[in-house]
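Accompanying notes for the structure given below.
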Amino acid sequence: KLAVIEDHLQKDLPRLEKFAATLNNAATQKPLTAAAKAPSVSKAPFVPDPEALRTKKGIAAIAWALDDTRDPELDLGFQLLEAVLIGNLASPLSKALIESRIGSAPMASFCIGMRGVKPTDFKKFESLVMETLKKCVKNGLPQAQVQGALTRFQTSNLNINKDYVIDLLEDVLASWHYSDDPFQFLRQAEQLPKLQELLEKNPRYLEDLIQKWLIDNPRRVRLELSPDTTLKKRTDKAIAEKMARKFATWSKDKAAKTIAYQKKLQSIATTPDTPEALATIPVLRRHDLPSRPTLLNYEDGCFANGLKYRKSTDFANGLARMNFTLDASSIPADLLDALQFFMILFPKMGTNTKTYDERAEELALNGSEFTMNAAIGTSKDSPEPFYYTLPFSLCALDRKMPQAVELFLEQLHNVSFRERKHIVNLLKSTATRQSAMLLSRANFSYASARAASGISDMQTLIDNLTGFPAFNRCQQIGRLTENQLDELVDKMERLAIWLRNAPILAAGLATDDHDAFLAMEKLAANWSNVADARTSAKHFMRTIPPCELAKGRAEYATIPAKVHTCVRAFAAPHQSAKDRNPLMLASNILSSGYLWDEIRAKGGAYGCTMKYRPFESIAFLHSHDDPNCENTYRAFDAIPDFLRKNPFTQAEVDKAVLQALGSMLTPVRPASAAAQCCDSLLAGTDNQFVIRRFEEIQTITLKQVQEVTERFFAQTHNDCAIGPAPMPQSMTKLEF
4 KLAVIEDHLQ
14 KDLPRLEKFA
24 ATLNNAATQK
34 PLTAAAKAPS
44 VSKAPFVPDP
54 EALRTKKGIA
64 AIAWALDDTR
74 DPELDLGFQL
84 LEAVLIGNLA
94 SPLSKALIES
104 RIGSAPMASF
114 CIGMRGVKPT
124 DFKKFESLVM
134 ETLKKCVKNG
144 LPQAQVQGAL
154 TRFQTSNLNI
164 NKDYVIDLLE
174 DVLASWHYSD
184 DPFQFLRQAE
194 QLPKLQELLE
204 KNPRYLEDLI
214 QKWLIDNPRR
224 VRLELSPDTT
234 LKKRTDKAIA
244 EKMARKFATW
254 SKDKAAKTIA
264 YQKKLQSIAT
274 TPDTPEALAT
284 IPVLRRHDLP
294 SRPTLLNYED
304 GCFANGLKYR
314 KSTDFANGLA
324 RMNFTLDASS
334 IPADLLDALQ
344 FFMILFPKMG
354 TNTKTYDERA
364 EELALNGSEF
374 TMNAAIGTSK
384 DSPEPFYYTL
394 PFSLCALDRK
404 MPQAVELFLE
414 QLHNVSFRER
424 KHIVNLLKST
434 ATRQSAMLLS
444 RANFSYASAR
454 AASGISDMQT
464 LIDNLTGFPA
474 FNRCQQIGRL
484 TENQLDELVD
494 KMERLAIWLR
504 NAPILAAGLA
514 TDDHDAFLAM
524 EKLAANWSNV
534 ADARTSAKHF
544 MRTIPPCELA
554 KGRAEYATIP
564 AKVHTCVRAF
574 AAPHQSAKDR
584 NPLMLASNIL
594 SSGYLWDEIR
604 AKGGAYGCTM
614 KYRPFESIAF
624 LHSHDDPNCE
634 NTYRAFDAIP
644 DFLRKNPFTQ
654 AEVDKAVLQA
664 LGSMLTPVRP
674 ASAAAQCCDS
684 LLAGTDNQFV
694 IRRFEEIQTI
704 TLKQVQEVTE
714 RFFAQTHNDC
724 AIGPAPMPQS
734 MTKLEF
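This is how it looks when you write it as structure tokens:
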């Protein structure tokens, strides 16, 4: 891939350099316009999310136009400056914005913005940002923040994740689109020593950037976005009127030709290609693929406390990662609903001896990061009992891992929830972001959780912990004041005690460094209670109200959006069931065939697919950014009839087999190796399991796929859609 790109770049480089020189000359000779000689203000309405609708608060942002020449040194300097100013809770701008309470959720990526700002405070927001920047210049930036940003920058450049190749291509386009050197942003890791050299020669290098490009730069705009409940109706009406006026000016001949052309396009979209046309498309054959899947190279071991670990022996690129999982089914039942807030607060609080910003500064200086979330799953052998876990991930440069472990242990044993103002700020920020999620395709998580609720105990628990019940809890908690936190703080402190003594289940490691490995061993030794991953979470079910109409529900959640998210949920075979592989192939065929044709090509939805999660025994039909909810559910309803009239073919099964095998041939990225090690150990899978699956998929017959699909779509399902009013008449309103 890189060889092909390099060949094209080398051919185009002389022309691009000449063109870039012309543009740069023009740019340097072009004077600033009158409008650009002073900061400006731009105002616009936006369709409010539920939180903005309730509070009538808007969004404020400030953006600057920087150097027109795409100077790589300036670009690199601003990446570092962004990390210093807004990279963590202790960063000057982040701290100033959060503690000002002008808004509820800071946003940044040069521009600098904030959600939840009163329209009367828009100007105050800009003043606060500019005053903070001036203080940074006057007092100097904290050196710990600068050094921490350099460490994180190095970590980022060493990180090879699943999107690594795409990121490389985007780096090429970031300069190539502006007729600059296409290789410019591929060399950023090499530029890091140069950046450090600049800071050594001029300790105020970043302060000078702030002064020149943010304070003295007149090309600045303040964007004021105010919620407008009538905007969507006005916009829709204006578009309809505009189209009507345009259509009225057309002659009968032009209108007829346009309608005929539209019908022709629709006919092209709905008419299947001929076998002769399809035969001209190059396709892979099974013999084109490797004979074995890509395997995770690892070694299994056991720490002194009895904890089993799986350590990746693949290339780690100078980074150390540790993923470990605690048994969350041991959480006291009355604390279960509070766990979602503990996961938000625990990593961002101070300790008994240090404030939250002092802790954030320590973490920033170390350049490490740790995350935590909740997960529900099963083993490879059986859907019961399912287990509820709390996975952690700790990542740092190899040489920084010992210190990262010490920082984590200090947080674990000494976390304090006394800083109530900080807690309120974090909870408000989270509630605001969760509310905004409802207007994005991320709302699939809410719709799918609700649709699946009641199909099994596991899915009901998932809905309670991550679906609309969790959303409602988040909104309610986000409105608490400092004087109303007693109950929540008590639960946080009890969860912190539980966390220190929780059963630990498994660990996945990735590092090439011996000292980093010893640090991971020290971290694992903190937990002496080592448990079997196959513990049950069923005792939680008594605390969760049973889901009415476990199957057969059709519900609709109304939000101020322009498009829909549509979900249909089915019970599905578990990973251990013989129907697992045939259904996976069927989902591939339907996703790239019928669903694509009916819902995307004809219905206009941006995306549509069938998602099958065998370890959860659940499957979804799903569309997003969908303009026609009722059409989509009609298409879902029509699947059984379509398959009776158009049964799967051997060619479709062969293609689906290639898709399934292809997903098992992707490289193991260093960024995910530790997580894969931990997950496979937890689920009881190994490389022999992967090889058997690779071989089994190739033996699936057309008849198996047809029979499994027929049984699957014969069962009762649940529907849940999220979108604008009016709701479809066939669905009931979902209140949240």
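Read the sequence shown against my numbering and you will find it ends at 739, with the numbers running on by one and no gaps.
Where a beta carbon is used, it is the ideal one built from N, C-alpha and C, also for glycine.
DSSP state of residue 671 mapped onto helix, strand, coil: Counting from one through the sequence shown, the residue named residue 671 turns up at place 668. In the displayed model, residue 671 falls within coil according to three-state DSSP, outside both helix and strand.
Using alpha carbons as the reference points, say which of 70, 335, 631 and 334 lies closest to residue 221. Taking the sequence shown and counting its residues from 1, one reaches residue 221 at position 218. The candidate whose alpha carbon is nearest that of residue 221 is 70.
Just to confirm, is the Cβ distance from residue 83 to residue 89 under 7 Å? Counted from its first residue, the sequence shown places residue 83 at position 80. Counted from its first residue, the sequence shown places residue 89 at position 86. Cβ distance not < 7 Å, so residue 83 and residue 89 don't count as in contact.
Run through the stretch 593-680 for me and flag every whole beta strand (DSSP E) of 3 or more residues, listed as ranges in chain order. With a minimum length of 3 residues, the continuous beta strand (DSSP E) runs that stay inside the stretch 593-680 are 610-616 and 621-629.
Beta-carbon proximity check, residue 389 vs residue 461, cutoff 7 Å: Against the sequence shown, residue 389 aligns to sequence position 386. Against the sequence shown, residue 461 aligns to sequence position 458. Taking 7 Å as the Cβ cut-off, residue 389 and residue 461 qualify as a contacting pair.
With 16 other CB atoms within 10 Å as the buried threshold, where does residue 250 fall? For the purposes of this step, residue 250 is taken as the residue at position 247 of the sequence shown. Here residue 250 is exposed, its C-beta having fewer than 16 other C-beta atoms within 10 Å.
What is the rounded straight-line gap between the Cα of residue 315 and the Cα of residue 300? The count along the sequence shown starts at 1 and reaches residue 315 at position 312. The count along the sequence shown starts at 1 and reaches residue 300 at position 297. If you draw a straight line from the Cα of residue 315 to the Cα of residue 300, it is about 6 Å long.
Ends of the alpha helix (DSSP H) at residue 179? In the sequence shown, residue 179 corresponds to position 176, counting from 1. Segment 167-179, the alpha helix (DSSP H) holding residue 179.
For the putative contact between residue 686 and residue 383, defined by C-beta atoms under 8 Å, what is the C-beta separation to the nearest angstrom? By 1-based counting over the sequence shown, the position of residue 686 is 683. By 1-based counting over the sequence shown, the position of residue 383 is 380. 5 Å between Cβ atoms; contact.
Nonlocal neighbours in the same chain, by C-beta distance under 6 Å from residue 498, ignoring five residues either side: Here residue 498 is taken as the residue at index 495 of the sequence shown, counted from 1. Excluding residues within five positions, the ones whose Cβ falls inside 6 Å are 338 and 345.
Taking 7 Å as the threshold (C-beta atoms), are residue 513 and residue 324 in contact? As a first step, residue 324 is located in the sequence shown; it is residue number 321 there, counting from the start. As a first step, residue 513 is located in the sequence shown; it is residue number 510 there, counting from the start. In this structure, residue 513 lies closer than 7 Å to residue 324 by Cβ.
Residue nearest to residue 613 in terms of C-alpha spacing, selected from 716, 129 and 436: Reading the sequence shown from its first residue, position 610 is the one you call residue 613. Minimum Cα distance to residue 613 is reached at 716.
Thinking residue 131 and residue 103 are a contact (beta carbons under 8 Å), I'd like their distance in whole angstroms, please. As a working mapping, residue 131 is identified with position 128 in the sequence shown. As a working mapping, residue 103 is identified with position 100 in the sequence shown. The Cβ separation is near 6 Å, so the contact holds.
Any chance the stretch 183-192 sits against the stretch 103-123, with 3 or more Cβ pairs inside 8 Å? no
Own chain partners of residue 404 with C-beta closer than 6 Å, once the 5 adjacent residues on each side are dropped: Here residue 404 refers to the residue found at position 401 when the sequence shown is read from its first residue. These residues qualify, in order along the chain: 323, 519 and 522.
Using a 10 Å radius around the Cβ and a threshold of 16 neighbouring Cβ atoms, would you call residue 535 buried or exposed? Working through the sequence shown from its first residue, we reach residue 535 at position 532. So residue 535 ends up on the exposed side.
Residue ranges of each alpha helix (DSSP H) run of no fewer than 4 residues wholly in the stretch 456-493, ordered along the chain? 460-469 and 471-480
Coarse secondary structure for residue 425, derived from DSSP in three states: The residue labelled residue 425 in the question sits at position 422 within the sequence shown. Residue state, collapsed to three classes: helix.
Return the CA-CA distance between residue 141 and residue 207, expressed in angstroms with no decimal places. Counted from its first residue, the sequence shown places residue 141 at position 138. Counted from its first residue, the sequence shown places residue 207 at position 204. So the alpha carbons of these two residues sit roughly 10 Å apart.
Taking its Cβ as the centre, do 16 or more other Cβ atoms sit within 10 Å of residue 747, making it buried, or is it exposed? Residue 747 is absent from the structure shown; the chain starts at 4 and stops at 739.
Excluding the 5 residues preceding and the 5 following residue 555 in the sequence, name in chain order all residues of the same chain whose CB lies nearer than 6 Å to its CB. Working through the sequence shown from its first residue, we reach residue 555 at position 552. Answer for residue 555: 719, listed in chain order.
Closer than 7 Å by C-beta to residue 418: which residues in its own chain qualify, once you throw out the five before and the five after it? Chain order, please. Counted from its first residue, the sequence shown places residue 418 at position 415. A distance below 7 Å between beta-carbons, with the five flanking residues on each side excluded, links residue 418 to the following residues of its chain, in chain order: 349, 352, 354 and 499.
Determine the burial state of residue 302: buried for a count of at least 16 other Cβ atoms within 10 Å of its Cβ, exposed for fewer. Taking the sequence shown and counting its residues from 1, one reaches residue 302 at position 299. Answer is exposed; the Cβ neighbour count stays below 16.
Please classify residue 38 as buried or exposed, where buried requires at least 16 neighbouring CB atoms within 10 angstroms. Against the sequence shown, residue 38 aligns to sequence position 35. Low per-residue confidence applies at residue 38: pLDDT is 48, beneath 50, and the placement is therefore not dependable, though the value from the model is reported in the following sentence. With a 10 Å radius around the Cβ and a threshold of 16 neighbouring Cβ atoms, residue 38 comes out exposed.
For residue 452 and residue 2, believed in contact at Cβ under 8 Å, the rounded distance: In the structure as shown, the chain starts at 4 and stops at 739, and residue 2 therefore has no counterpart that could be examined.
Residue 658 versus residue 377 - alpha carbon distance: Working through the sequence shown from its first residue, we reach residue 658 at position 655. Working through the sequence shown from its first residue, we reach residue 377 at position 374. Answer to the nearest angstrom: the Cα atoms are 35 Å apart.
Please work out which residues of its chain come closer than 7 Å, Cβ to Cβ, to residue 436, disregarding the five sequence neighbours upstream and downstream, and give them in chain order. Here residue 436 corresponds to residue number 433 of the sequence shown, with the count starting at 1. Counting only Cβ-Cβ distances below 7 Å, and skipping sequence neighbours, we find 108.
Who are the near neighbours of residue 471 in its chain, counting only those whose CB is closer than 8 Å to its CB and skipping five residues on each side? Taking the first residue of the sequence shown as 1, we reach residue 471 at position 468. Same-chain partners within the cutoff: 449, 452, 453, 560, 737 and 739.
Which value, in whole angstroms, describes the spacing of the CA atoms of residue 106 and residue 347? For this step, residue 106 is matched to residue 103 along the sequence shown. For this step, residue 347 is matched to residue 344 along the sequence shown. Distance between the alpha carbons of residue 106 and residue 347: 19 Å.
Here's the rule I'm using: 16 or more other beta-carbon atoms within 10 Å means buried, otherwise exposed. How should residue 35 be labelled? On the sequence shown, residue 35 is found 32 positions in, with the first residue counted as 1. Here residue 35 scores only 49 on pLDDT, less than 50, and its place in the model is too uncertain to base an answer on.
Using DSSP with H/G/I as helix, E/B as strand and the rest coil, what is residue 400? Stepping through the sequence shown from its first residue, residue 400 is reached at position 397. Three-state DSSP puts residue 400 in a strand.
Grab the span of the alpha helix (DSSP H) containing residue 698 for me, first residue to last. Here the question's residue 698 lines up with position 695 in the sequence shown. Element bounds for residue 698: 690-700.
Are the CB atoms of residue 438 and residue 51 within a distance shorter than 7 Å? Along the sequence shown, read from residue 1 onward, the residue named residue 51 stands at position 48. Along the sequence shown, read from residue 1 onward, the residue named residue 438 stands at position 435. At a Cβ-Cβ threshold of 7 Å, residue 51 and residue 438 do not count as neighbours.
For residue 379, the residue or residues it bridges with in DSSP: Translated into the one-based positions of the sequence shown, residue 379 becomes position 376. According to DSSP, residue 379 bridges with 391.
Looking at residue 617 and residue 711, is the spacing between their C-beta atoms short of 7 Å? Mapped onto the sequence shown, residue 711 falls at position 708. Mapped onto the sequence shown, residue 617 falls at position 614. Not a contact, by the Cβ cut-off of 7 Å.
If you reduce the DSSP assignment to three classes, tell me which class residue 67 lands in. Here the question's residue 67 lines up with position 64 in the sequence shown. Note: residue 67 maps to strand in three-state DSSP.
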